[in-house]
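Peer 1: Just passing along the structure, written as structure tokens.
In structure tokens, the structure reads:
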């Protein structure tokens, strides 16, 4: 089967972001976050583990048993930063620091290509004996991702050669000597990345093996039974064995859903289990489908996506509602005050959705990326970049706060590597399917998926096209795009119509292009070279040096959740454009549960540059109960109680918990 | 100071209940519950502990370390049953069984009067060394209560002599040899009971010591520090030490509130800590106030009662909202789905409230007894008397069910002893305070506190008055009372006006008595010999042989909770007369959270004898969301969603979980 790739994202190295909203986050990432995380790599003993392994030391491993991955995620993020710098030359401080860490990593690698400092230091004889819990392949996957990023940024092979040696080691052993999969996915998508970077097809075959092998026998179940023996842990002493029992057993029986091991992927009906594992798994499966041209597998992934987004996703885009097992639970089980919605799971969702977009060219995946980025991901990071949410509640009584670091420090470096490569999600090229536009299957397409101020150079069929975007998002829907090809070129420009957009107007070189947007179907009609297809606003023409101006109309929209969501019954959430809003205690006199928001009256949305780094706040009419009449009573006939008018101030959800600690609620009672 | 007793409850032995609603519960208690619990005393090893102690055995104690109290509670309940039987003669099966258990208990008593099978069998050298957790005085208190009940029922002293010997032992040692109080109260009220039964005043003094001593130093705190040593428990192995740490420590500091040990009672501002302990403590304190004539102490108790009922009581009368520590938490913290509201705490509240009524003659205490009995207590018992709720949720997703027994089996025998002596709460005599009625302070009063079909002989100033009551409660407010003194006697009949009563009409021998009831103030005005005082409808006259007919008007009333109660925001609870209602999943097609009850339209309340042993159900108009419009969407603009009309069926809260398991909610969303 021929590979499937209906769209190819433009490499972040070819995109330079300059955006009023995002600049601050990216600066935080490039400067503070990378520096801070490097300090944590030293402080936590992560780098020391590599040093001691290189020195042939015995014992003394520090941190979680998968701490190596922290170093790799840092290397990946740092490589993306190097790639987007004007001068990533070998003399820069960051470049030198990256090289130093790579030297450490390379020195810790074994003669046979194996590389894992936990096993090297603590249990060298137990390599590959506990795939379920010990994350060796997970760490390998992050090494590979870092290596590919570093190679792209620098053209160097210092880390890539380490990664290929380890990948070869893995490829040699798995399938024959070791027939099984690992608990925490990551190796799958990493091997496809490595294949694309090296041209080595067997890495795709090995990734396919890992994707297809899962759920086909009880290897993980059997491993769990002998976990004490193989991992050397006392099950009564907490730790890994206890974690595994907690995660994998339901009412005493093995429950493979935790690691998506309950059935072969092709038979799975819903996204289940540990949300980060699920996202990495499905991203890897999407990569395998792309490379092998497996339309059946792609159809299964699209079905799983629909089930997830229609039944198991918070309004923020967050996923995995339960802290126990960090997992998906049941359809419509989306509690707010105990929402887990791990930051890493949201990041994993972005990874999976980018792949689904590339496989299908459908706007809905890019649309979910937008919602997830602005809400479920950004909330994970404080405005100053120094504190992090691991889990993201949608309601808090005031006891949930960002922390400076975590023993299991997966989220902060994951945020860093996502934001450092944010440019990857903006533009893509592809060829048309010709189903709706009637322009034939060979049309050339240029997708604009995210509205982020930026400049980029995008090759369309051999011609470099310079793009220059200015965007008012998320505070307004004004977007300007200058399109300047090397030589005049005909192609179809596809501008994603956001799901929050109520109407859109377009002008090309000042001339209106008439387009009717049907929000529900993602389709519409137009003329003058304009149209709507697959969720995109389409402008097909010969581009010379043209300016496209788009206004995506947006207003404050209170949304309701499906009636089956018990936690949101009788409540609305305020949204405005891509942003979900919340109330914080600091802005209100009464406890938040006492307010009812008037959805029938007008909302007042206005920009305040003095607040939270500059945000649009929403003022809404509301009522609160009269308190005076309750003198000394706890229960009264309902007919006797009255309310009076007041207002509430909502702020973007991502910005909460950056002021005085207090209550927060996304879902509000409605008047 | 002279004793305070504004009212004296009529002894349950002098009251014969014959009531359509209560007969089934009392039969269940007399027959099945007592039999079932006796079997549990055998099966759990409780009686065997006494046998082995009598035999001088070593070790082998079975059950919780306070299991002796289960036997005592059973003896107390059985004695109440004997007292109300026409023929409690020595040949009855129950009488023989009671005597056998008493023989066992007596044989287990030590030479010095000490009696506790846990310490006798397991740690004889550690008597009285761990008052905090080991419940020796708690068991002693239950022994005393049983002994007094048995003595009243039979005139025998077989158990009373055991109790007095133990009480003397305790009185000898405490205060001097042992200066301290115990963790779980019960001895206080028991010693006052014993004093009243024996005329021995020093038992009151010892009770007073226990009441006043608490909260005055850190004896309990010091004991906790050495709990491992003195109780022989491994703190890392769960059990008593772990329980104590869990209960008594807050953020690492000793928190005496758990055992009401944070301050002297006279300085306490709120009812705190373990709810059962608090109720037993306050009941004992009320007894001490009564005997010592301590008006200051009484005023403190009334203040604590007001704080509890205005801020920390469920609409059912249940108290103690948190499973952690089985305790009171903060003002207005009344979660529904995690409500603890232990059955024993509700029973303790009835005990305390009866004492407060006797001390004050105020209807509000009898009113809370009514609410608590019909809702928070009865819900603890299945309709067939064989399964029990220990904790009582006010909302359940379907996973909360009554169980047949508990390792800590405090609630079932507590229900039994309360119901077996239900007659105690119906009638009382007293003398008037003369403040409101203007009839002078020496008037003779006869209180009717609970409307339960019954006959009783009540002495008023030396004249026996025969009372014969018929009551339609809880299904309607029709009450008929025949008053027939031996000789014509003038006294003031006081009929409690229930707080749920919207209006009342009274006829004496068919002649209307005009009365205006003011629900809020508990007062009102009247003529023709009628009036309202202290929450009572007053009829003063010379009684010859007269019939009083009262109608307490009641309707379905949706009530709201104070705005500070976050759990009930936007919700109403349906009440009708003394009953709180709930929705059960079994009666509804949709998940319960989807219904909104229309409070503006009429409710349809009707008796259904085919349901739940015969209940009045409430049919209410309601709406549910349209589901069709939600095809494949999880969030939609609020303006687009619609609802349609339907109805809900509410059943009395006490009767829930007696049919197919499923959801239950007391607090309902409002249309």
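Protein chains in written order, with this note's numbering: chain A, 3 to 673; chain B, 3 to 673. Built from N, CA and C at the ideal position, the CB exists for glycine as well.
(1) Do you know offhand how far residue 652 of chain B's Cα is from residue 577 of chain B's?
(2) If you measure from the beta carbon of residue 632 of chain B to each beta carbon in chain A, is any gap under 8 angstroms?
(3) In chain order, which continuous runs of the beta strand (DSSP E) of length 3 or greater are located wholly inside the stretch 606-652 of chain B?
(4) Measuring only between beta-carbons, confirm whether residue 456 of chain B sits less than 8 angstroms from chain A.
(5) Can you tell which of A:38, A:79, A:55 has the C-alpha that lies nearest to the C-alpha of residue 15 of chain A?
(6) Which partner residues does residue 276 of chain B have in the DSSP bridge list?
(7) Just mark residue 73 of chain A as buried or exposed, buried being the case when its beta carbon has 16 or more other beta carbons within 10 Å.
(8) Residues of chain A with CB closer than 8 angstroms to the CB of residue 637 of chain B, please, in chain order.
(9) Would you mind sorting residue 125 of chain A into buried or exposed? The rule is 16 or more other CB atoms within 10 Å of its CB.
(10) When the cut-off is 8 angstroms and only beta carbons count, does residue 237 of chain A lie next to chain B?
(11) Are the Cβ atoms of residue 295 of chain B and residue 5 of chain B separated by less than 8 angstroms?
(12) Could you say if the stretch 206-218 of chain A and the stretch 305-320 of chain A meet the contact criterion of at least three C-beta pairs nearer than 8 angstroms?
(13) Answer with yes or no whether the minimum CB distance from residue 595 of chain A to chain B is below 8 angstroms.
(14) Put residue 390 of chain A into one of helix, strand or coil per three-state DSSP.
(15) Does the beta carbon of residue 601 of chain A sit closer than 8 angstroms to a beta carbon anywhere in chain B?
(16) Can you tell me which of B:464, B:224, B:54, B:395 puts its alpha carbon nearest to the alpha carbon of residue 665 of chain B?
(17) Could you tell me the distance, in whole angstroms, from the CA atom of residue 220 of chain B to the CA atom of residue 114 of chain B?
(18) Is residue 650 of chain B closer than 8 angstroms to residue 585 of chain B when the C-beta atoms are compared?
(19) Where does residue 483 of chain B sit, in a helix, a strand or coil, going by DSSP?
(20) Are residue 273 of chain B and residue 310 of chain B touching if we call contact CB-CB under 8 angstroms?
(21) Please list the partners that residue 627 of chain B has in chain A, where partner means a Cβ-to-Cβ separation under 7 angstroms.
(22) First and last residue of the beta strand (DSSP E) that includes residue 19 of chain B?
(23) Chain A partners of residue 312 of chain B, CB-CB under 8 angstroms?
(24) Answer yes or no: do residue 656 of chain B and residue 380 of chain B have a C-beta to C-beta separation smaller than 8 angstroms?
(25) Report the option in A:29, A:485, A:557, A:322 whose CA atom is closest to the CA atom of residue 496 of chain A.
(26) In chain A, what lies closer than 7 angstroms to residue 479 of chain B by C-beta?
(27) Looking only at its own chain, which residues have a Cβ that is under 7 angstroms from the Cβ of residue 446 of chain B, when we skip the five neighbours before and after it?
(28) What does the alpha-carbon distance come out to for the pair residue 193 of chain B and residue 251 of chain B?
(29) Starting from the Cα of residue 282 of chain A, find the closest Cα among A:357, A:257, A:255, A:336 and give me that residue.
(30) Quick check: what's the CA-CA separation for residue 27 of chain A versus residue 134 of chain B?
(31) Taking only three categories from DSSP, how would you classify residue 237 of chain B?
(32) Shortest alpha-carbon distance to residue 635 of chain A belongs to which of B:314, B:87, B:111, B:128?
(33) Does the distance from the C-beta atom of residue 596 of chain B to that of residue 560 of chain B stay below 8 angstroms?
(34) What residues are listed by DSSP as bridge partners for residue 584 of chain B?
(35) Can you pull the chain A neighbours of residue 671 of chain B, defined as C-beta to C-beta under 9 angstroms?
(36) How big is the Cα-Cα spacing for residue 506 of chain A and residue 368 of chain A?
Peer 2: Concretely, from the data shown:
(1) The count along the second chain starts at 1 and reaches residue 652 of chain B at position 650. The count along the second chain starts at 1 and reaches residue 577 of chain B at position 575. Spanning the two alpha carbons is a distance of roughly 10 angstroms.
(2) Against the second chain, residue 632 of chain B aligns to sequence position 630. Yes, residue 632 of chain B counts as interfacial toward chain A.
(3) Annotation: the stretch 606-652 of chain B contains the following complete segments of the beta strand (DSSP E) (minimum length 3 residues), in chain order: 606-610, 617-627, 637-639.
(4) By one-based count along the second chain, residue 456 of chain B stands at place 454. Not an interface residue.
(5) Position 13 of the first chain, counting from 1, holds the residue named residue 15 of chain A. Nearest of A:38, A:79, A:55 to residue 15 of chain A, Cα basis: A:79.
(6) If you number the second chain from 1, residue 276 of chain B lands on position 274. DSSP lists B:329 as the bridge partner or partners of residue 276 of chain B.
(7) Start at 1 with the first residue of the first chain, and residue 73 of chain A comes out as number 71. Under this definition residue 73 of chain A is a buried residue.
(8) Counting from one through the second chain, the residue named residue 637 of chain B turns up at place 635. Those are 317, 561, 562, 563, 564, 575, listed as they occur along chain A.
(9) As a working note, residue 125 of chain A is residue 123 in the first chain. So residue 125 of chain A ends up on the buried side.
(10) Here residue 237 of chain A corresponds to residue number 235 of the first chain, with the count starting at 1. With a pLDDT of 48 at residue 237 of chain A, under the threshold of 50, the predicted position of this residue should be treated as unreliable, and no value is reported.
(11) For the purposes of this step, residue 295 of chain B is taken as the residue at position 293 of the second chain. For the purposes of this step, residue 5 of chain B is taken as the residue at position 3 of the second chain. With contacts defined as CB atoms closer than 8 angstroms, residue 295 of chain B and residue 5 of chain B qualify as a contacting pair.
(12) The stretch 206-218 of chain A vs the stretch 305-320 of chain A: no contact.
(13) Position 593 of the first chain, counted from the first residue, corresponds to residue 595 of chain A. Contact of residue 595 of chain A with chain B is assigned, a C-beta pair being separated by under 8 angstroms.
(14) Walking along the first chain from the start, residue 390 of chain A turns up at place 388. DSSP places residue 390 of chain A in the strand class (E or B) of the three-state scheme.
(15) Reading the first chain from its first residue, position 599 is the one you call residue 601 of chain A. Cβ-Cβ to chain B under 8 angstroms: yes for residue 601 of chain A.
(16) Looking up residue 665 of chain B in the second chain gives position 663. In this structure, B:395 is the residue among B:464, B:224, B:54, B:395 with its C-alpha nearest to the C-alpha of residue 665 of chain B.
(17) As a first step, residue 220 of chain B is located in the second chain; it is residue number 218 there, counting from the start. As a first step, residue 114 of chain B is located in the second chain; it is residue number 112 there, counting from the start. If I take the Cα positions, the gap works out to 29 angstroms.
(18) Walking along the second chain from the start, residue 585 of chain B turns up at place 583. Walking along the second chain from the start, residue 650 of chain B turns up at place 648. Yes. Within cutoff.
(19) Against the second chain, residue 483 of chain B aligns to sequence position 481. The three-state secondary structure of residue 483 of chain B, taken from DSSP, is strand.
(20) By 1-based counting over the second chain, the position of residue 273 of chain B is 271. By 1-based counting over the second chain, the position of residue 310 of chain B is 308. Yes, they are a contact pair.
(21) As a first step, residue 627 of chain B is located in the second chain; it is residue number 625 there, counting from the start. Close partners of residue 627 of chain B in chain A (Cβ separation under 7 angstroms): 565.
(22) The residue you call residue 19 of chain B lines up with position 17 of the second chain. Looking at the DSSP string, the run of the beta strand (DSSP E) that includes residue 19 of chain B is 17-19.
(23) Here residue 312 of chain B refers to the residue found at position 310 when the second chain is read from its first residue. Among the residues of chain A, those whose CB is under 8 angstroms from the CB of residue 312 of chain B are 634, 635, 636, following chain order.
(24) On the second chain, position 654 is the one that residue 656 of chain B refers to. On the second chain, position 378 is the one that residue 380 of chain B refers to. Yes. Within cutoff.
(25) What you label residue 496 of chain A is simply residue 494 of the first chain in a count that begins at 1. The option with the nearest alpha carbon to residue 496 of chain A is A:485.
(26) Looking up residue 479 of chain B in the second chain gives position 477. What residue 479 of chain B touches in chain A: nothing, since even the nearest Cβ is about 17 angstroms away.
(27) Residue 446 of chain B sits at position 444 when you count from the first residue of the second chain. Beyond the five residues adjoining it in sequence on each side, residue 446 of chain B comes within less than 7 angstroms, by CB distance, of 433, 462, 463, 493, 494 in the same chain, given in chain order.
(28) In the second chain, residue 193 of chain B corresponds to position 191, counting from 1. In the second chain, residue 251 of chain B corresponds to position 249, counting from 1. Answer to the nearest angstrom: the Cα atoms are 30 angstroms apart.
(29) Working through the first chain from its first residue, we reach residue 282 of chain A at position 280. Of the candidates A:357, A:257, A:255, A:336, the one whose C-alpha sits nearest the C-alpha of residue 282 of chain A is A:357.
(30) As a working note, residue 27 of chain A is residue 25 in the first chain. As a working note, residue 134 of chain B is residue 132 in the second chain. So the alpha carbons of these two residues sit roughly 56 angstroms apart.
(31) Position 235 of the second chain holds residue 237 of chain B. Unreliable placement is indicated for residue 237 of chain B, whose pLDDT of 48 sits below 50; no coordinate value is reported for it.
(32) Locating residue 635 of chain A in the first chain gives position 633, where the first residue counts as 1. With distances taken between Cα atoms, residue 635 of chain A lies closest to B:314.
(33) Residue 596 of chain B sits at position 594 when you count from the first residue of the second chain. Residue 560 of chain B sits at position 558 when you count from the first residue of the second chain. No.
(34) For the purposes of this step, residue 584 of chain B is taken as residue 582 along the second chain, with counting starting at 1. Answer by DSSP bridge pairing, in chain order: B:653.
(35) Looking up residue 671 of chain B in the second chain gives position 669. Simply 571, 572.
(36) In the first chain, residue 506 of chain A corresponds to position 504, counting from 1. In the first chain, residue 368 of chain A corresponds to position 366, counting from 1. Taking the straight line from one Cα to the other gives about 18 angstroms.
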